[in-house]
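**Student:** Attaching a single structure in structure tokens format; questions to follow.
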Amino acid sequence: MPELAEVEFYRRIWNAGFGQRVTNVEAHSDKRIFRGVDTANLLGSLTGAVLDASFSHGKQMLFRFSNGWLGIHLGMTGELRVEATDFPAEKHDHLLLRLPNVSLVFADPRLFGRVLFHQGAKEPAWWQTLPPSLESEEFTLERMTSVLQRRKKAPIKAVLLMQPFFPGVGNWMADEILWRSRVHPATSCGSIPPAGVRKLFLATKTVAADALETIASAKGTTFGDPPTGWLFHQRWGKDGTCPRCNTKLDRDEIGGRTTAWCERCQPRPI
DNA sequence: TCTCGTGTTTCTTG
DNA sequence: TCAAGAAACACGAG
């Protein structure tokens, strides 16, 4: 599920372990999600460490322990869970942190997710160099305009999915942003007028903020769906209709991903 | 049996 | 060197 707001949702799930000392770590260390990681060092370092903070940025998460930094990317099918202390690891549970009161679990059937581990007083380099988040003041209209100028021929849908520029935007968020802006997903970036870019910019900010607000107000252990009236609710099925004009949504592969849009509200570029 | 997928990385082509 | 598209990764759900 993991796009911006879902990642934030999963980060909070592990809050149950704050302030507790890790008594044991279990890992399927031969799995793909540990590629490039010294798993022996990870296991040895986290055992006995205390979880004291966590952060999310786009689709990335970072958990601060007293003896290292654990980075997690959920890929396409990853999830974080909290289980009982004696919970036996299931087939796709690749990393388990045993704490006095709970077990923190990272599961991922398709193994597209990723674990990173870093030791040092400061955050890992890859975290420090992340692009400005969509919610930040550094994410500006000027920045977005220059990104689109540099990708003149690419369809806007594909560019919205580029994490170095739009951290946290995934397939459904991109479709939501385009639908709100009334821009066809196949429109080449170079052909979008300044007024259109401004609409896209404002929609990006709004979708990110509203999705995060949905998570904040859900405050339970279930991921609350976005408000009614979002394209989100219509884009999955084959019979989805436009929440604005009730036209049946079109579906096709654009920018390498399945894309849903309303041909009436988002006219195809000439 | 077959197709599809809420993501990234790497390869290929231009 | 860069932009853009395709393939690869792996496995469950429908």
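Just so you know, we're using the numbering used here here: the first sequence kicks off at 764 and counts up by one. Beta carbons: idealized from backbone N, C-alpha and C, even for Gly. Values in this document were obtained by computation on a predicted structure and should not be read as measured data.
1) Within this structure, are the beta carbons of Phe928 and Val800 separated by less than 7 Å?
2) Leaving out the 5 sequence neighbours to the left and right, which residues in its chain are closer than 6 Å to Ala1023 when beta-carbon positions are compared?
3) Would you call the region 887-901 in contact with the region 817-835, where contact means no fewer than 3 C-beta pairs closer than 8 Å?
4) Mind checking which residues open and close the beta strand (DSSP E) that includes Asn864?
5) In the DSSP assignment, find the alpha helix (DSSP H) that holds Glu939 and state where it starts and stops.
6) Could you check where the beta strand (DSSP E) with Arg827 kicks off and where it finishes?
7) If contacts are defined as beta-carbon pairs under 8 Å, then Gly953 and Lys915 qualify, I think. What distance do you get, rounded to the angstrom?
8) For Thr810, which three-state DSSP category applies?
9) Would you call Ala972 buried or exposed, if buried means 16 or more other Cβ atoms sit within 10 Å of its Cβ?
10) Span of the alpha helix (DSSP H) holding Arg906?
**Tutor:** In this structure, then:
1) For this step, residue 928 is matched to residue 165 along the first sequence. For this step, residue 800 is matched to residue 37 along the first sequence. No, the pair does not count as a contact, with Cβ atoms beyond the cut-off.
2) In the first sequence, residue 1023 corresponds to position 260, counting from 1. Cβ neighbours of Ala1023 beyond the five flanking positions: Asp938, Arg998, Leu1012, Arg1014.
3) yes
4) Residue numbering aside, residue 864 sits at position 101 when the first sequence is read from its first letter. Careful: Asn864 lies outside any beta strand (DSSP E) and carries neither H nor E.
5) Position 176 of the first sequence, counted from the start, is the residue given in the question as residue 939. Taken as a continuous stretch (DSSP letters only), the alpha helix (DSSP H) holding Glu939 covers 934-944.
6) The count along the first sequence starts at 1 and reaches residue 827 at position 64. That run of the beta strand (DSSP E) goes 823-828.
7) Here residue 953 is taken as the residue at index 190 of the first sequence, counted from 1. Here residue 915 is taken as the residue at index 152 of the first sequence, counted from 1. Rounded, the Cβ-Cβ distance is 3 Å, consistent with contact.
8) As a first step, residue 810 must be located in the first sequence, where it is residue number 47. The answer is coil: DSSP assigns Thr810 none of H, G, I, E or B.
9) Reading the first sequence from its first residue, position 209 is the one you call residue 972. When all chains shown are included, Ala972 counts as exposed.
10) Counted from its first residue, the first sequence places residue 906 at position 143. 904-913 is the span of the alpha helix (DSSP H), which, as asked, contains Arg906.
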